[in-house]
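**Student:** Just dropping this structure here.
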Amino acid sequence: MFGIGGGELVFILFIVLMLFGSDKVPEIARTMGKAMAQLKNATNDIKSEIQKGAEANGLDSKSLNDLTGNINAEINNAKSNLLGDTGNLLGDTTNEIEKVKEDIDSLSGPIKRQR
């Protein structure tokens with residue numbers, strides 16, 4: 001619960017009990033409960049207003065999911081094209097390097113034998 005362990009919760013309750021006394025703890029708990037309920041209601045109201053505004057402007061979750069799906073597909077397509085082009089370029093470069101190595105080996109071969 002809220003990332004608080006059992007021992008930590010007992011410690012916090014002990015501190016609250018020591019600070020406010022046993023007669024005020026139920027009143028504080030009631031006040032905190034009401035505040036949490038009001039906060040939850042406010043966030044739900046804000047969420048519903050955002051959804052109503054989005055629907056009024058033609059944006060709903062399905063169209064947004066479709067849009068993000070299309071964007072992800074385009075990104076994956078561009079990525080695969082880029083990786084394919086890079087792989088081809090790397091293969092061509094590797095072939096050229098091997099040819100140059102063979103040319104160097106053929107040139108330096110007789111020189112090594114003359115020593």
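Using the UniProt record's numbering, the first residue of the sequence shown is number 1, and each one after it goes up by one. Where is the CB? At the ideal position from N, CA and C, for every residue including glycine.
In chain order, what residues of the same chain have a beta carbon less than 7 Å from the beta carbon of VAL25, not counting five sequence neighbours either side?
**Tutor:** Hits under 7 Å: VAL16 and LEU17.
**Student:** Might you give, ordered along the chain, the residues of its own chain that have their beta carbon closer than 7 Å to the beta carbon of LEU59, omitting 5 neighbours on each side?
**Tutor:** So the list is empty, once near-sequence residues are dropped.
**Student:** Looking at the structure shown, is ASN41 part of a helix, part of a strand, or coil, going by DSSP?
**Tutor:** If DSSP states are grouped into helix, strand and coil, ASN41 belongs with the helices.
**Student:** Among residues of its own chain, excluding the 5 on either side of ALA42, which ones have a beta-carbon nearer than 6 Å to its beta-carbon?
**Tutor:** If we look at ALA42 and ignore the five residues flanking it on each side, it has no Cβ neighbours.
**Student:** Do you know offhand how far ARG30's Cα is from MET36's?
**Tutor:** Rounded to the nearest angstrom, the two C-alpha atoms are 10 Å apart.
**Student:** So, helix, strand or coil for ASP92, using DSSP?
**Tutor:** ASP92 falls in the helix class under three-state DSSP.
**Student:** Any idea what DSSP makes of LEU59, helix, strand or coil?
**Tutor:** If DSSP states are grouped into helix, strand and coil, LEU59 belongs with coil.
**Student:** Mind checking whether the beta-carbon of ASP85 lies closer than 8 Å to any heavy atom of the ligand NAD?
**Tutor:** The ligand NAD is not part of this structure, which contains no ligands at all.
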